[in-house]
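Inspection log for the structure reproduced underneath, given as structure tokens.
In full-length UniProt numbering, the protein residues as written are 1 to 435.
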């Protein structure tokens with residue numbers, strides 16, 4: 001799994017926000033290319049085919065819960081004729097991009113909140129036109145991408161999320177909470193567990209006070225909410241009452257951290273194999289930072305065993321400093337190998353490892369050491385040449401020599417996707433065939 005954390009966004013303050021999201025998004029992506037899956041139970045599994053992370057309504061009706069371990073639901077899947085897929089992130093990411101391209105024709109400002117959710121500024125629309133606009137957005141997205149969606153509208157992000165949740169139970173798939181009376185009616189029966197920002201711990205605290213519904217939360221004293229749920233709780237009160245305190249982040253913010261982590265397809269038990277695996281992750285980290293124009297002067301490497309296995313347990317990490325902030329994969333590989341050398345202990349079956357970069361800065365801001373012998377200009381040219389070759393001919397066409405062993409043992413080091421569908425939209429060799 002790779003990720004980039006974000007901060008310091010430029011905010012857009014608006015008073016009318018829509019949230020659109022794909023229904024059972026991963027499953028819907030699978031249905032786009034196989035119409036026979038319509039009305040059939042479908043689930044998508046997490047990395048290494050571990051547990052259910054997406055379920056259609058038909059699968060939920062069979063009692064398959066979110067996060068249910070696959071080995072526990074195999075019998076249900078078999079008897080219920082459930083279509084089971086491994087995660088196909090290349091496909092889901094590409095369809096997400098296409099969906100947001102559709103949204104750009106409907107709103108001047110968009111915040112991509114997650115792979116299947118986006119906030120849209122609808123302040124430019126007259127109140128009477130918003131429901132029709134949302135229906136048109138929903139229909140166009142379905143027609144152009146094949147993904148069914150729901151749209152919620154409200155004066156704040158929290159109310160837009162609440163409206164979206166409630167819209168999923170409506171035949172129209174659209175709900176506008178701009179009207180205070182309608183909003184109050186919906187919140188009166190809306191469970192607090194479905195309110196954005198209220199987790200299980202906060203839900204239990206509120207339950208002790210007899211608070212079960214969003215309308216009751218909205219009526220709370222903000223100071224009490226802060227005592228029970230920190231500043232997040234106070235923000236929720238304001239948002240539920242139509243006072244926007246969470247702005248629309250319409251401009252992509254600068255990243256403050258990046259990570260490349262993987263669950264191994266097979267347990268790693270030798271130091272050499274771990275070095276090769278982490279070297280591959282370090283290479284990928286460099287690629288990600290160069291793409292975003294960022295650098296770091298330290299990386300953290302971690303490795304751990306599976307907490308679910310009946311094996312000796314170990315979970316360790318170490319941070320390695322780099323003399324000058326860089327995005328050079330070769331420098332990351334050196335740091336990663338030093339980390340593995342310091343962390344490794346024989347006798348354990350490691351299930352996951354990764355490398356994390358934090359405190360990112362643009363390369364122009366890095367401070368060079370006085371006696372540093374590295375030719376950074378030359379190193380940058382080498383990385384640029386490697387990136388161009390991989391862009392033109394495919395990822396991992398050119399890689400550092402330290403990762404070659406990892407390429408040969410790719411089945412061990414990479415996540416299992418034994419039931420993955422073809423990457424229909426991003427691989428020429430996997431394009432669907434018309435017959």
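For each residue, glycine too, the CB sits at the ideal point set by N, CA and C.
Original post:
Around the Cβ of residue 424, are there at least 16 other Cβ atoms within 10 angstroms (buried) or fewer (exposed)?
Top reply: buried
Subject >> Same chain, Cβ closer than 6 Å to residue 85, five either side skipped, listed in chain order >> reply: 30, 44, 419 and 421
Original post:
Going by C-alpha distance, which of 128, 139 and 121 is nearest residue 155?
Top reply: 121
Subject >> residue 10 classed as buried or exposed, judged by whether at least 16 other C-beta atoms fall within 10 angstroms >> reply: Residue confidence is low: residue 10 scores 42 on pLDDT, short of 50, so the model does not pin down where it sits. No coordinate-derived value is stated.
**OP:** For residue 303, name the three-state secondary structure that DSSP assigns.
**Re:** strand
Subject >> According to DSSP, residues forming a beta bridge with residue 350 >> reply: 268 and 305
Subject >> Cβ-Cβ separation, residue 170 to residue 195 (assumed contact under 8 Å), whole Å >> reply: Rounded, the Cβ-Cβ distance is 18 Å, inconsistent with contact.
Subject >> Status (buried if at least 16 other CB within 10 Å, exposed otherwise) for residue 39 >> reply: exposed
**OP:** Pull up the DSSP beta-bridge partners for residue 358, would you.
**Re:** 257
Original post:
Is it the case that the Cβ atoms of residue 19 and residue 225 are separated by a distance below 7 Å?
Top reply: no
Subject >> Distance CB(residue 292)-CB(residue 319) smaller than 7 Å >> reply: no
Original post:
Per DSSP, what kind of secondary structure is residue 369 in: helix, strand or coil?
Top reply: Interpretation of residue 369 is limited by its pLDDT of 48, a score under 50 that renders its predicted location unreliable; the figure taken from the coordinates is listed afterwards. Note: residue 369 maps to coil in three-state DSSP.
Original post:
So what does residue 213 bridge to, in DSSP terms?
Top reply: 191
Original post:
Given residue 152, which residues of its chain have a CB within under 6 Å of its CB, disregarding the five upstream and five downstream residues?
Top reply: 19, 160, 163, 164, 167 and 175
Original post:
With respect to the beta strand (DSSP E) encompassing residue 68, which residues constitute its N-terminal and C-terminal limits?
Top reply: No beta strand (DSSP E) contains residue 68, which DSSP labels as neither H nor E.
Original post:
Are there 16 or more other CB atoms within 10 angstroms of the CB of residue 102, so buried, or fewer, so exposed?
Top reply: buried
Original post:
Does DSSP classify residue 418 as helix, strand or coil?
Top reply: coil
**OP:** Using only alpha-carbon positions, find the residue among 356, 57, 200 and 246 that is nearest to residue 256.
**Re:** 356
Original post:
Taking C-alpha atoms, which residue in 303, 129, 323 and 140 lies nearest to residue 281?
Top reply: 303
Original post:
DSSP beta-bridge partners for residue 45?
Top reply: 52
Original post:
Just checking, does the segment 95-114 make contact with the segment 232-250 on the three C-beta pairs under 8 Å criterion?
Top reply: yes
Original post:
How is residue 244 classed by DSSP in three states: helix, strand or coil?
Top reply: coil
**OP:** Ignore the nearest five residues each way along the sequence and tell me which others in residue 370's own chain have a CB closer than 7 Å to its CB.
**Re:** For residue 370, the pLDDT reaches just 43, beneath the cut-off of 50, and the residue's location in the model is therefore unreliable, leaving the point undetermined.
Original post:
Going by beta carbon distance, what residues of the same chain come within less than 8 Å of residue 411, once the five residues before and after it are set aside?
Top reply: Summary for residue 411: the model assigns pLDDT 47, below 50, so the residue's position carries little reliability, and this model does not support an answer.
Original post:
Going by other Cβ atoms of all chains shown within 10 Å of its Cβ, with 16 needed for buried, is residue 5 buried or exposed?
Top reply: Interpretation of residue 5 is limited by its pLDDT of 43, a score under 50 that renders its predicted location unreliable; no figure is taken from the coordinates.
**OP:** Run the CB neighbour count on residue 359, radius 10 Å, all protein chains shown included, and call it buried at 16 or more, exposed below.
**Re:** exposed
Original post:
Roughly how many whole angstroms lie between the Cα atoms of residue 200 and residue 363?
Top reply: 41 Å
Original post:
CA-CA distance, residue 144 and residue 116?
Top reply: 15 Å
Subject >> Check whether residue 228 and residue 205 have beta carbons under 7 Å apart >> reply: yes
Original post:
Relative to the C-alpha of residue 158, which residue among 235, 89, 26 and 83 is closest?
Top reply: 235
**OP:** May I ask which residues mark the beginning and end of the beta strand (DSSP E) holding residue 62?
**Re:** It is not in any beta strand (DSSP E) - residue 62 carries neither H nor E in the DSSP assignment.
**OP:** Could you spell out where the beta strand (DSSP E) holding residue 425 opens and where it closes?
**Re:** First-last for residue 425: undefined, no H or E at that position.
Subject >> Residues near residue 348 in its chain [Cβ-Cβ closer than 7 Å; skip 5 each side] >> reply: 305, 312 and 314
Original post:
Under the rule that 16 or more other beta-carbon atoms within 10 Å means buried, what is residue 72, buried or exposed?
Top reply: exposed
Subject >> Paired residues, beta bridge with residue 121 - DSSP >> reply: 17
Original post:
Among residues of its own chain, excluding the 5 on either side of residue 188, which ones have a beta-carbon nearer than 7 Å to its beta-carbon?
Top reply: 213 and 215
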